[in-house]
Every structure is written in structure tokens, then in C-alpha cells.
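Take a look at the structure below.
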Amino acid sequence: ALEEIPEELLPQAHQAKQEMIERISEQDDHLMEQFLNGETPARENVVRAIRMATIKGRFIPVLCGAASKNKGVRRLLDAIVDYLPSPSDLPPVIGAYRKENKDIVRNPSDDAPLAALAFKVQTDKHIGKLTYVRVYSGVLKAGQFVLNSSGQKKQRVGRLFEMHANHRQAVEEMHTGEVGAVVGLRDTRTGDTLCTSEHPIVLESIEFPSPVIGVSVAPTSGEDRDKLAKALHRLAEEDPTFVVRSNIETGEVIISGMGELHLEIIIDRLYR
1 ALEEIPEELL
11 PQAHQAKQEM
21 IERISEQDDH
31 LMEQFLNGET
41 PARENVVRAI
51 RMATIKGRFI
61 PVLCGAASKN
71 KGVRRLLDAI
81 VDYLPSPSDL
91 PPVIGAYRKE
101 NKDIVRNPSD
111 DAPLAALAFK
121 VQTDKHIGKL
131 TYVRVYSGVL
141 KAGQFVLNSS
151 GQKKQRVGRL
161 FEMHANHRQA
171 VEEMHTGEVG
181 AVVGLRDTRT
191 GDTLCTSEHP
201 IVLESIEFPS
211 PVIGVSVAPT
221 SGEDRDKLAK
231 ALHRLAEEDP
241 TFVVRSNIET
251 GEVIISGMGE
261 LHLEIIIDRL
271 YR
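Residue numbers (the UniProt record's numbering): 1 to 272.
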């Protein structure tokens, strides 16, 4: 639990708070007027001023805490809600399409055409491939057909889930600004754009660094060769910084990643 400020430090704390309110007041005329008149501004007005300055890029809120000791976590979550922008506060997303010679603008609204970005792929042992997406505009609905504009393939959205750590909750649709997981997108990779055929768009993809280290791997027996190939393919699909290739001259399978620890984790997952 948080402790009260020691009495000998109260003057310093009061001075620091006054300086902070003065800085915040510079972002809001009403707060500045209250500050100059010696009035104490209401908390909701201070929060609103911090939020607007943060959204404009003028403020960067800094909080103290220790996750390992569960100190300050709730305050951090409250600050995310209070200060960081919601989807409606963000500017329109800009995309393109190969048949268009100009930028395509999508406003962050449910009424706009669908534009969603796949940012993660994961395999679940119970329901198969999960594709995590972020909806930038429009509404993504379970059962609808979408266009993977990055790969020019139409796919059917299976089930939609809201993810809560290891728990998932089925939903019928995902709205602008929401993040969730999709079942059924077999041909979608990390960085692909999902949209409708009527309003195609390609969002800026995610760039990943190239691998810096590689090692050769081999199955313990010939019978495990296919199992190894399938497992490596699945891991490479989930992690774009992990690359699998075959050495044509030696026939070896080479796995490459971002460092020794990265490859150790990959190999550990292969044994599971």
C-alpha cells in the first residue's frame, strides 16, 4: 500500500505539486486563470488538461511503480485511461492500393469502410491458428468475407475473440479501435491488411529486423523429419524475426534469429 508523505517532506511535496500545476496551467487558459487567482483547480480539469497536452505530444506522463511487487499498477492503468488517446482522438489512418495513384484516408469511425491490420499470429492447440488484429476503421464481423489486400486473397472470418491473457471471450463483432483475435484466416500473416473488396486499402506494414545469427538443426530420427518441418514452419509463421531455410549444398536446415537467447527459446519450444 502507498504510504503517507513524511511530515518533514511535506513542504517539498507541496512545492513540487505547485510547480506541476503551473506547468499544466500553461496548456489551458481556464486553469491558468484559476492558478493566477490562487484558486485550486478541480482534479477533473487538471486531468483533462494533461490528456489534451499528451495527445498533442507536449506532455509525456511519467509514473513510478514496481510491477514485481504490484506497486503502482492500478495507478498506471488509470493513467492509461485518463491521459492516453482513444481511437476517436487519433488522426485518420493513411493507406494506399496498387490501383490507386493517391493516398487513401480512413477516419477512425465505425461508419467508415473496414481497415484492420494483423499484428500477430499464434497457434492455439485447441482452436488452431489465431490472428491478432487491430481495427483502424469500420467493423469486423464474425462470418463475413474480407479481402487480404496484402496478398490479394479473399478469406472468411470465423470466430472473433476478445483476449484476456490466457482467457478468451467470443464476440460477434469488433469495432474501430478494438484489438482481438480471429479464427479462420489461414492465409494471413503478420503485417497484412484486412478490408472489404468494395473498399480496398493496404495499410503500412510492420517492418522486422533481419536475423543476425543462425544454427543448423536436425531431427533425432528420419521419422521426425516431417514433424520438425511442420513445427519450424509454425514457429516461423508466429515470429517474423525467426527464419528457416535449407542449405542446398549440404541439405542442412538452418534456423536464424535475433541472438543466441532467441534461438534457445525457439529450440526449447520445439521440445514441448
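Just so you know, even glycine gets a beta-carbon here, dropped at the ideal spot from N, CA and C.
Since we're looking at a predicted model, the values are computed, not measured.
Going by the DSSP bridge assignment, what does Met258 pair with across the sheet? Position 258 of the sequence shown, counted from the start, is the residue given in the question as residue 258. None; Met258 has no bridge partner.
Alpha helix (DSSP H) runs wholly inside the stretch 65–100, at least 4 long, in chain order: Complete alpha helix (DSSP H) runs here, min 4: 73–83.
Under the three-state DSSP convention, the category Asn148 falls into: In the sequence shown, residue 148 corresponds to position 148, counting from 1. In the displayed model, Asn148 falls within a strand according to three-state DSSP.
Determine, using beta carbons only, whether Pro113 and His30 come nearer to each other than 8 angstroms. As a working mapping, residue 113 is identified with position 113 in the sequence shown. As a working mapping, residue 30 is identified with position 30 in the sequence shown. Annotated as distal: Pro113 and His30, with beta-carbon spacing of 8 angstroms or more.
Tell me which same chain residues have a C-beta within less than 6 angstroms of the C-beta of Ser216, skipping the five on either side of it? By 1-based counting over the sequence shown, the position of residue 216 is 216. Shown here for Ser216: same chain residues with a beta carbon closer than 6 angstroms to its own, the five before and five after excluded, namely Glu252 and Ile254 in chain order.
At the level of alpha carbons, what is the spacing between Leu194 and Glu238? Start at 1 with the first residue of the sequence shown, and residue 194 comes out as number 194. Start at 1 with the first residue of the sequence shown, and residue 238 comes out as number 238. For the pair Leu194 and Glu238, the Cα-to-Cα distance works out to about 18 angstroms.
When burial is assigned at 16 or more other CB atoms within 10 Å of the CB, is Pro209 buried or exposed? Here residue 209 refers to the residue found at position 209 of the sequence shown. By the neighbour-count criterion, in which a residue is buried when 16 or more other Cβ atoms sit within 10 angstroms of its Cβ, Pro209 is exposed.
Pro91 to Ser221 span [Cα, whole Å]: In the sequence shown, counting from the first residue as 1, residue 91 sits at position 91. In the sequence shown, counting from the first residue as 1, residue 221 sits at position 221. Their Cα atoms are separated by approximately 55 angstroms.
Let's test the definition: count the other Cβ atoms within 10 Å of the Cβ of Ile104 and tell me whether it reaches 16, buried, or not, exposed. Mapped onto the sequence shown, residue 104 falls at position 104. By the 10 Å Cβ count, Ile104 comes out buried.
Cα-Cα separation between Asn70 and Ala229, rounded to whole angstroms: For the purposes of this step, residue 70 is identified with residue 70 of the sequence shown, where counting begins at 1. For the purposes of this step, residue 229 is identified with residue 229 of the sequence shown, where counting begins at 1. A direct Cα-to-Cα measurement between Asn70 and Ala229 gives close to 42 angstroms.
Buried or exposed: where does Pro11 fall if 16 or more other Cβ atoms within 10 Å of its Cβ makes it buried? What you label residue 11 is simply residue 11 of the sequence shown in a count that begins at 1. Result: exposed.
Below 8 angstroms on the Cβ atoms is my contact criterion, and I expect Tyr136 with Ala118 to pass it. Report the Cβ-Cβ distance as a whole number of Å. If you number the sequence shown from 1, residue 136 lands on position 136. If you number the sequence shown from 1, residue 118 lands on position 118. In this structure, Tyr136 and Ala118 do not form a Cβ contact; the two beta carbons are roughly 12 angstroms apart against a cut-off of 8 angstroms.
Locate the beta strand (DSSP E) running through Asp124, then write down its first and last residues. Indexing the sequence shown from 1 puts residue 124 at position 124. DSSP places Asp124 inside the beta strand (DSSP E), whose first and last residues are Ala115 to Asp124.
Using DSSP bridges, identify the partner residues of His167. In the sequence shown, the residue the question calls residue 167 occupies position 167. Note: His167 sits in a beta bridge opposite His164.
By Cβ distance below 8 angstroms, which residues in the same chain neighbour Glu172 in space, the five residues on each side in sequence not counted? Position 172 of the sequence shown, counted from the first residue, corresponds to residue 172. Contacts found: Lys141, Ala142 and Leu160.
Simplified DSSP assignment, three categories, for Glu33: The sequence position of residue 33 within the sequence shown is 33, counting from 1. DSSP places Glu33 in helix when its eight states are reduced to three.
Span of the alpha helix (DSSP H) around Val47: Looking up residue 47 in the sequence shown gives position 47. For Val47, the enclosing alpha helix (DSSP H) begins and ends at Arg43 to Ile55.
Looking at the strands, I want to know which residues DSSP matches up with Ala181. Locating residue 181 in the sequence shown gives position 181, counting from the first residue. Paired residue(s): Tyr132 and Phe161.
From Ile80 to Leu263, what distance separates their C-alpha atoms? As a first step, residue 80 must be located in the sequence shown, where it is residue number 80. As a first step, residue 263 must be located in the sequence shown, where it is residue number 263. Here the alpha carbon of Ile80 sits roughly 34 angstroms from the alpha carbon of Leu263.
Of the residues His175, Gln18 and Arg134, which one's Cα is nearest the Cα of Gly191? Here residue 191 refers to the residue found at position 191 of the sequence shown. When C-alpha distances from Gly191 are compared across His175, Gln18 and Arg134, the shortest belongs to Arg134.
Rounded to a whole number of angstroms, what is the C-alpha to C-alpha distance between Pro6 and Arg51? As a position in the sequence shown, residue 6 is number 6, starting the count at 1. As a position in the sequence shown, residue 51 is number 51, starting the count at 1. Straight-line spacing of the CA atoms in Pro6 and Arg51 works out to 30 angstroms.
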